[in-house]
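Engineer: This is the structure, below, for whatever I ask next.
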Amino acid sequence: MRSLPTRRLAAVALTAAASVVALAGPAFAHVTVNPGAAPQGGYTAVDFRVPNESDTASTVKLEVNLPLDHPLASVRTLPMPGWTAAIEKSKLDKPIKVHGSDVNEAVSKITWTADAGTKIAPGQFQEFRVSLGPLPTDSDSLVFKALQTYDNGDVVRWIDESKNGQPEPAKPAPVLKLTKAEGGDGHGDGDGDSHGVTASPAAGAHGDSSDHAAGSDADGKTSDSTARTLGVIGIVVGVLGTAVGVLGLRRKNGGSAS
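Residue numbers (the numbering used here): 1 to 258.
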């Protein structure tokens, strides 16, 4: 009879630990922009990172919508084996000036479609690289609403915008933070084709302010993810430790009574 309460206690402890891990897991599975920040007025290269969240279906298409309230004159995709990229442009209500010339249309959507035999399988992720610019100087962020399509027909809409002071939405849209360019940004008034695209940290380029900003943001995201992971592990260990201690105490008391 004495073993029943201890078994229940152990079951409760394990259930609580599993719940903590389950609640922490989804925070790492969003479609995101990486690196998450770039200087205003310049050009940059970013990756749209797409994790496959399904245990039974595979991702076969990604649609990324670009904001037309802050249009980007130069948008180029990096060729990726096994995927076909299609770019859609929309006419602007008001032309924008880029390097002294009027731009009347801008890219409004990029769609990557998997070729036959290609997919993002369960437990995998893929990164889709794009060069963008010039980035606006009158905004502190760009929101890219995305749709992720699975081979079973399911579509996950990453379109919800986060609001200050409120919990993160269940399906947040990817966001690129825009930072003030330190000491002026030489990329903003240059030619985007020849030297406008900022290399990502992985490319090994040095001396560019946007590289440092991107690297700092990536390090920050890594540190934040590590801290959250360690926090979850600490909670689980604490719950299990408490359960083990109580079980030991009950066994000791039971032995003394006999």
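Cβ atoms here follow ideal geometry from the backbone N, Cα and C, with glycine treated the same way.
Near ILE299, what residues of its chain come up, given a Cβ to Cβ distance below 6 Å and the 5 sequence neighbours on each side ignored?
Structural biologist: Residue coverage of the chain in this structure runs from 1 to 258, which leaves residue 299 outside it and unanswerable.
Engineer: Between the beta-carbon of ALA121 and the beta-carbon of SER58, is there less than 8 Å?
Structural biologist: yes
Engineer: From PRO51 to VAL156, what does the alpha carbon distance come to, in whole angstroms?
Structural biologist: The straight-line gap from Cα to Cα measures roughly 12 Å.
Engineer: Cutting at 7 Å between CB atoms, please list the residues of its own chain near LEU23, excluding the five before and the five after it.
Structural biologist: In this prediction, LEU23 scores a pLDDT of 40, lower than 50, which makes its location untrustworthy; the coordinate-derived value is nonetheless stated afterwards. The answer is none, since no qualifying residue turns up.
Engineer: Just to confirm my understanding: we take GLY188, look at its own chain, exclude 5 residues before and 5 after, and list those with CB closer than 7 Å. What are they?
Structural biologist: In this prediction, GLY188 has a pLDDT of 41, which is less than 50 and means its spatial position is unreliable; nothing more can be read from the coordinates.
Engineer: If distances are taken between C-alpha atoms only, which option among THR56, ALA181 and GLN126 comes closest to ASP154?
Structural biologist: Residue nearest to ASP154 within the set THR56, ALA181 and GLN126 is THR56 (criterion: CA-CA distance).
Engineer: Since I believe PHE128 is in contact with LEU62 (beta carbons under 8 Å), could you give me their beta-carbon distance rounded to a whole number of angstroms?
Structural biologist: 6 Å
Engineer: Tell me the rounded alpha-carbon separation between ASN104 and SER90.
Structural biologist: Straight through space, the alpha carbons of SER90 and ASN104 are spaced by roughly 9 Å.
Engineer: By how many angstroms is the C-alpha of VAL60 removed from the C-alpha of ILE87?
Structural biologist: 17 Å
Engineer: Measuring alpha carbon to alpha carbon, tell me which of ILE96, GLU168, PRO67 and SER139 ends up nearest LYS109.
Structural biologist: PRO67
Engineer: Ends of the beta strand (DSSP E) at VAL31?
Structural biologist: That residue, VAL31, is in no beta strand (DSSP E); it is neither H nor E in DSSP.
Engineer: Relative to the C-alpha of ARG76, which candidate in ALA106, GLY123 and VAL175 has its C-alpha closest?
Structural biologist: ALA106
Engineer: For GLN124, which residues in the same chain have their Cβ closer than 7 Å to its Cβ, ignoring the five residues on either side in sequence?
Structural biologist: ASN52
Engineer: Grab the span of the beta strand (DSSP E) containing ALA106 for me, first residue to last.
Structural biologist: Bounds of the beta strand (DSSP E) holding ALA106 are 101 to 114.
Engineer: Just the Cα atoms here: how many angstroms apart are VAL98 and ALA37?
Structural biologist: 22 Å
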